[in-house]
Amino acid sequence: MFIKRSRIWLELITLFRATCTPIPSFTLPFVLKRGGIARGTKPIKLESLKNLIVITEPIYNVAVEEFVEAFRPFGLNPLAISPSYGLAENCTFVSTTWRSGRNDSLPTYKKLLPSTRLIPFDKDEEDIEIIVVIEGTQEVVEDGIEGEIWISSSGNASGYLGHPSLTSEVFNGMLRKRASPQC
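Per mature numbering (1 follows the signal peptide of the UniProt record, and there is no 0), the sequence shown runs over residues -18 to -1, 1 to 165.
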């Protein structure tokens, strides 16, 4: 239903006065292109929304800014946007940042880092390691630069069942200028 009528998501937030909704990052530009403000007769009111959890990667700042600009007049609070990360290969929800205060800018990787430190159940377990790299070059990016997120933890899956080549490619990432496998 969402693919055919993406505006329904906003209409349901309005109808039920939803306070929290997790979405994949492609939703924001998709709704702007296909759902739009002018497509539909039902009103959109987003002032009830406290947490718009944007999951998956990449999350492009420009897509968030365009969405906020389009829907701020309908009550969307920019501080409701919570950039997050999750993936099936590790777990569905790895990290998020709950935004508050008056800062309209999205948190960058370095600001997210403390929230990604998970307390292990067993003291011998290692913490989760998160690295952001330039896709294709495997070079670590600096704070504030968009990139591909790599995660290494005891929660990583062992691979894709029946797809050894894809498993090797995805699960054995190597950083440029490092000798040991990362993430």
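Cβ atoms here follow ideal geometry from the backbone N, Cα and C, with glycine treated the same way. None of these values were measured; they are calculated from a predicted model.
Close-in-space but distant-in-sequence residues of the same chain around residue i (CB under 8 Å, 5 per side omitted)
{"i": "residue 33", "result": "1, 2, 3, 62, 64 and 80"}
{"i": "residue 46", "result": "10, 36, 63, 65 and 88"}
{"i": "residue 5", "result": "-10, 34, 35, 36 and 37"}
{"i": "residue -15", "result": "none"}
{"i": "residue 18", "result": "-12"}
{"i": "residue 146", "result": "none"}
Residue i: CB within 7 Å of a non-hydrogen atom of the ligand HEM
{"i": "residue 141", "result": "Questions concerning the ligand HEM fall outside what the structure shown contains, since it holds no ligand whatsoever."}
Beta-ladder partner(s) of residue i, from DSSP
{"i": "residue 110", "result": "Its beta-bridge partners do not exist; DSSP assigns none."}
{"i": "residue 33", "result": "2"}
{"i": "residue 152", "result": "Paired residues: none, contrary to the question."}
{"i": "residue 38", "result": "Residue 38 is not bridged to any residue."}
{"i": "residue 9", "result": "Residue 9 is not bridged to any residue."}
{"i": "residue 115", "result": "122 and 130"}
{"i": "residue 78", "result": "66"}
Residue i - containing alpha helix (DSSP H), residue span
{"i": "residue 130", "result": "It is not in any alpha helix (DSSP H) - residue 130 instead sits in the beta strand (DSSP E) that spans 130 to 134."}
{"i": "residue 139", "result": "Where residue 139 is concerned, there is no enclosing alpha helix (DSSP H), given that its DSSP letter is neither H nor E."}
{"i": "residue 123", "result": "Where residue 123 is concerned, there is no enclosing alpha helix (DSSP H), given that its DSSP letter is neither H nor E."}
{"i": "residue 53", "result": "43 to 53"}
Residue closest to residue i, alpha-carbon to alpha-carbon, out of the options
{"i": "residue 158", "options": "6, 47, 5 and 113", "result": "113"}
{"i": "residue 40", "options": "8, 12 and 58", "result": "8"}
{"i": "residue 155", "options": "120, 48, 125 and -4", "result": "120"}
{"i": "residue 149", "options": "-16, 118, 111 and 71", "result": "71"}
{"i": "residue 12", "options": "30, -2, -13 and 133", "result": "-13"}
{"i": "residue 30", "options": "54, 146 and 144", "result": "54"}
{"i": "residue 126", "options": "42, -15 and -16", "result": "42"}
{"i": "residue 141", "options": "-3, 78, -15 and 69", "result": "69"}
Cβ-based neighbour list, residue i, same chain, cut-off 6 Å, excluding 5 preceding and 5 following
{"i": "residue 152", "result": "none"}
{"i": "residue 95", "result": "For residue 95, the pLDDT reaches just 44, beneath the cut-off of 50, and the residue's location in the model is therefore unreliable, although a value from the coordinates is still provided. Same-chain partners within the cutoff: there are none."}
{"i": "residue -2", "result": "30"}
{"i": "residue 138", "result": "72"}
Contacts around residue i, its chain only, beta-carbon distance under 7 Å, and the 5 residues preceding and following it disregarded
{"i": "residue 123", "result": "114, 115, 116 and 129"}
{"i": "residue 56", "result": "26, 27 and 28"}
{"i": "residue 16", "result": "-13"}
{"i": "residue 131", "result": "39, 67, 112 and 114"}
{"i": "residue 14", "result": "48, 49 and 52"}
{"i": "residue -17", "result": "-11 and -10"}
{"i": "residue 58", "result": "28, 31 and 50"}
Continuous beta strand (DSSP E) stretch holding residue i: start and end
{"i": "residue 65", "result": "63 to 69"}
- Is the stretch 19 to 35 in contact with the stretch -17 to -4, if contact means three or more CB pairs nearer than 8 Å? These segments touch.
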